[in-house]
Structures are given as C-alpha cells and as structure tokens.
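Residue numbers (the working numbering), protein chains in the order written: chain A, -11 to 319; chain B, -11 to 319.
We put the CB at the ideal spot given by N, CA and C, even for glycine.
Structure, as structure tokens:
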DNA sequence: GTGAAAGCGCTAACAA
DNA sequence: TTGTTAGCGCTTTCAC
C-alpha cells in the first residue's frame, strides 16, 4: 500500500509537506506542491482516511435515526440529508431503528465511540435519555421532543391539521373521523390539537369516538377506517394523519363498496409520491421532505462547527394539496 | 476522555491486558478480568473504535450502492442488509447514487480509503470499471452485471417474466404491451427475454412497437402507458416491469376513462407494499426483497472472511401474486 | 516554506 | 497469564 511516507520519499520532501499539500495547499510553494502532486498522480496514492480521522479525532460521518426506512416520506428526508452531507464531505450512516430505543441508543453511542460526529433523530425521542444527550451533537427533525436543549426543525403540525379540518368543515362535513398515530408521538398530539381547534372554532363538538388509533402504516389505516365506518353513525369524512394510512383507508372503504369522495371523503398528510396516484388522487398536506433533511443536516453542520444552537426551533411551511378525494357530504 | 491507559492504571494492569479482556476475555484470568471490568464500569469507559479500526485495518463498515433510496423495493432490500450487518457488528453506509457512475465510484473508493471494508452494489454496473474492481470485496445483488468475477445474487428474471406473460396469454391476451426499464439494465433485458420466450412458445408474434421505455418510476410508467394506449391498435394487457410503473400506468388508463381489468389488464413486478392497495389490487411478481438483502450481506461477510466466491451466482425464488388487475380481454 | 518528531488510542508480536 | 513495546498512517506543533 502506498502511504504518505512513500509519497514524501518519491517527491523528496517531508511527510509534513505532503500532508500540507493535501489539506493546506497554499501553505506550500508552487514548486514543491507540483512535485508532490506529481508523485501522488504517479502512484495513484489515496490517503488513508481512517488514519486521518483517527488523527484529527473526527469521523466525517453522521448517523441518522429513522423509525422506518421503507416509509416513503422518510426516504425523501434521508435523501435531503445525504445530499447536503455529501457536499460538506460527510457520510451518512443509516440507523433503521424500528422505533426501538435500544437500537437508537446503540446508534447514538457511535458518536461516543468516535465512529460518528453527530446524529439526526427523525423520531420524537431522545436517545440515551440519561443526561448523555447534552454532550452529543444532535438535531431533532420531523417528529420532535419538547426538550428545549435540542435544536429542532419541524412542521407547524397543529396549524396544518387545523387548516385541513377547516377545509373539510367548509365542504360541509360535521362528523370528521381521524386515524391517528401512536399517542406518545408528538406528531399525533399536535395534529389532534389542530383538529380540535378547528372543530371548536366552527362550533362543532369533539367526539372521542371518532378517533381511531393507528401507527401511520397503510395496514393500520385500513383497520382504523374499518372500525370507524362500522360506527352506528359513521363519519362523512376521514382525516388520516399520514398518507399511508389514507391509502389503507381508501382500500378499506373500497372493499365495503363505498365510493370516495361521493360516499366518504378521505384526506391524508405528507404528500408522498403515491398520493398523486391514488384513485381518486389524494387531498393532503405537503411536507417539504427533502428540505427537512437538508435543513436538519445544515443545523448539525453548524453544531459541529461549534455553534450554540440550543433553544433553536425552526418551522418549515406546509402546503395544502387539494386533489379529488374530498368533496361535499351526501345530503 | 478515558482511554485504555486510564483503565490499565486504574486496574493495575497493562494496556495489553485491558485490550485482551475486551477482545479475548478467555485469554485473561478471571481475577484480572474482574479488576478490568470493574474499572471499565466505574469510568464508563468506551473504547475508541476509530483507533481500534485504524489499528486493525478494518472499518467494520460496508457501503451499499442503491440507485434510488426512495424506491420501496430497495428500502426493503436495505432493511435486510442492515439487519444481518448489525448482527455481525457491521454498520452500513448508504450511497444513494441516482444511478450516476461518478457517485458510485466515489462511494466505492471509500474501500480504498479504508472507510469501508466492502460494498454491495444493487445496480447492474461495476464501480470503477478499470480493473480496480478485482481488489475490492464486492457483491452484486438484484440487478446484476454479467461479469463472472463478481459474486452475485439475483432473481430468475427471465423465468418470472415468462411466467407472467404466460399467465396473460392464458387469459386470452394476444397483444401484450410492455413498459420496460432502461435498456442498459440487465433486469430489463432478462425480463424482456422471458416475455419473448413466452410469446414464441405460444406462437405469438413479437411486436417491437408494443414495447415502451421507462425507468421503473411511476411517472415513467404513466407516460409509457399513455403512449402505448394511443397506438392505432392498442394492447389489451400491459406488463409493467416494475410495480411503480404499473401504478403510473393504472393512473394513466384511469385518466383516459378506461377500467382495469375490464378494458385493459395491467400487471407489475416486485410486489411493493402499495401493490396490494391499488385499485384494483395489482397482480404482480413477488421478489423476496429482505432476503436479497440478508443473503447479499451474508455473501459479503464470507468474502470479508477470505472466502473465494468468484463465479458464485445464487438465485432467489419469485412468486406470482395473482390479484385483480388482470382479466380476460374484451371480446 | 519546510522538516523533525511527538503523538492520536489501540492491537499484536514477542518476551518473560 | 501478563507486560513491554513497536507500530498503524496521518496531523500538527515547534524549530529552523
């Protein structure tokens, strides 16, 4: 293997000079620089990054904790992260945690083991609750904890849910069912808050029985919808707190022989790719997924450069995407 | 920071002994082992993996090259990889290459830079064509190159496509359109080969005009279908070489006011999650995605242990999943 | 602008 | 069974 020593010998300079031409070319005279570069070219030398990282006590790697990598919304977020990470010379280590805290913790401890410089958590939970959190560079995105010490970036979930509910109300709906995610998740709580606020503003009652629990997956949406539609007095519209659940709900309703939106309106949240390809195309809230990723990575980058970001909480804009899955309720 | 030195002092042993208790506990007497473990517990010491990796000249990391991370089929493959990697103590670095060879190359060269020990390529292309390939541990999965030097694991794509085509023929179809992927991709070529074989066996002509090109994405499927349906004599069935394209095709056909499968049959390939949720549910070929991932990782692991795997080419079984998107052609 | 040399934290001969 | 010690390949003072 070619090492920096070989290059230094070949170019007739010291290893320090070789090191400099690689990281601070302007600290080296053009003449020697040329000699070194020639030697590098000639040998096809590639520096041992593992040695460099060891020496600089950096890994140039960050880990992202994602509850479910096959969720289409997250894949877009990840792509945003990867893109800006790459431009800054960072690699991203993917941790598919399935929401399990031990897995989250084990990934997070990679920064203590110097295998990673920081972490982006896409789930509303702090890895290694017990204090350790303070000293690892961490940003929380999408689903966020309330902890003020952690810089975070999220949607105005309550506002978005409120807007969607108001839209449904404006269409004439009075009984709006909800398929929610896990109740621990702040996402669920915030969206539910927006839903209630809209109801209240419209003078409509909040009916606990209209809320069914899911876990954001299509199959859970299917079950939740089935359950809601079996009610004595079923809702005329379904607000699914994720597009995947909405797709599951549409399927369930279709199996029951009902038509969307004629018999029942269904709306989602996220605007994943398939929302557009639903039959009928799904009305939903668009989240700027890639931007979530790139902004989160940007924050982590400044954190890594020593910025003091605690108390930072950024919001990203949502957008209502009206397609054809919601209409007026039947007379 | 606590280092191995600190532990050795605290336990009153040498650093070598500390190192041994961590990696070869049985080479250390119970008494000293206990002392060392106590010191480790007391200090909360965590070994610097970056130093260990540097010293052992391993990274315990592999990179997986995936053309599109938001493709639901790949996310499942990745999950399979991650799972078995984790059990073997490896981390996985995700490289979303968007099919671009420079990105593939730059990721692959992480092995040379000692940032990774090996790579799994999910795309039918060899990174760093120019020879370098021979000396990096690499396994090729899903979409494979023909190069015999590379261990590979794939589906019997031709067989699967043939089976699906035969099914369509058995339903009475005589004009079967195809939306294919990029023609460079071996996936496309193999599946097309199966399609032609089935046609031939049934004594049906092969009509080049019935083949439309896509890139496996939903939007490309939509365009391809539109194009095919605009033919003077359109096909009565569409064999889309990916579920995403099939979903796009169903959408296109729906926009034209046609019914699936009454007016046109549509089938896919992959059996992604949403295939089941289509309207009507999509008839398709199921690929064992997670298994692709775990098997590929398993191969890479043995490669990394020095096994000689060239010429290895494993096949995984497909499964026809008959749902409701294909039926008899209109009279 | 350049070089000598001291680490970085660990592993692995080798010796005892 | 345990300790001594020489690296691993690079970066980074500190002199010159």
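Chain-ordered neighbours of residue 84(B) on chain A, where CB pairs are closer than 7 Å: What residue 84(B) touches in chain A: 67, 70.
Residue interval of the alpha helix (DSSP H) (run including residue 239(A)): 231 to 243
Option nearest residue 282(B) by Cα separation, candidates 76(B), 168(B), 259(B), 310(B): 76(B)
Three-state secondary structure (DSSP) of residue 28(A): Under the three-state reduction of DSSP, residue 28(A) is assigned to helix.
3 or more residues per run - each beta strand (DSSP E) lying fully within the stretch 40 to 87 of chain A: 49 to 54, 79 to 84
Contact set for residue 303(B): own chain, Cβ-Cβ below 8 Å, skip 5 residues either direction: 141, 142, 143, 144
Interface residues of chain A facing residue 34(B) [CB-CB closer than 8 Å]: 97, 100, 101
Beta-carbon neighbours of residue 267(A), restricted to chain B and to distances below 9 Å: 238, 239, 242, 266, 267
Residues bridged to residue 128(B) [DSSP beta-bridge criterion]: 109(B), 140(B)
Inter-residue Cα distance where the pair is residue 161(B) and residue 156(A): 44 Å
CB contact check: residue 61(B) to chain A, cutoff 7 Å: no
Sub-7 Å separation of residue 234(B) and residue 220(B) beta-carbons: No; because the gap between Cβ atoms is not below 7 Å, this pair is not in contact.
Proximal chain A residues relative to residue 39(B), where beta-carbon distance stays under 8 Å: For residue 39(B), the residues of chain A that pass the 8 Å Cβ criterion are 42, 102, in the order they occur in the chain.
Nearest-angstrom beta carbon gap, residue 182(A) and residue 150(A) [assumed within contact, 8 Å]: 4 Å
Within the stretch 171 to 203 of chain B, ranges of the beta strand (DSSP E) (whole runs, at least 3 residues): 199 to 201
Contacting positions in the stretch 258 to 291 of chain B - beta carbon closer than 7 Å to chain A: 261, 262, 265, 267
Exposed unless 16 or more other CB atoms sit within 10 angstroms - verdict on residue 196(A): exposed
Residue range of the alpha helix (DSSP H) that includes residue 291(A): 277 to 292
Buried/exposed call for residue 293(A), threshold 16 Cβ in 10 Å: exposed
Beta bridge counterpart(s) of residue 271(B) as assigned by DSSP: 255(B)
Endpoints, the beta strand (DSSP E) within which residue 312(A) is located: Element bounds for residue 312(A): n/a, residue is neither H nor E.
Sufficient close CB pairs (3 or more, under 8 Å) joining the stretch 169 to 178 of chain B to the stretch 11 to 31 of chain B: no
Residue 323(B) vs residue 129(B) beta-carbon contact at 7 Å: Since the first residue shown for chain B is -11 and the last is 319, residue 323(B) is missing from the structure and cannot be characterised.
heavy atom of the ligand ADP below 6 Å from residue 308(B) C-beta: Because no ligand of any kind appears in the structure shown, any question about the ligand ADP cannot be addressed here.
Cβ-Cβ distance between residue 284(A) and residue 107(A) below 7 Å: no
C-beta atoms of residue 322(B) and residue 236(B) nearer than 7 Å: Coverage of chain B is limited to positions -11 through 319, which leaves residue 322(B) absent and any answer about it impossible.
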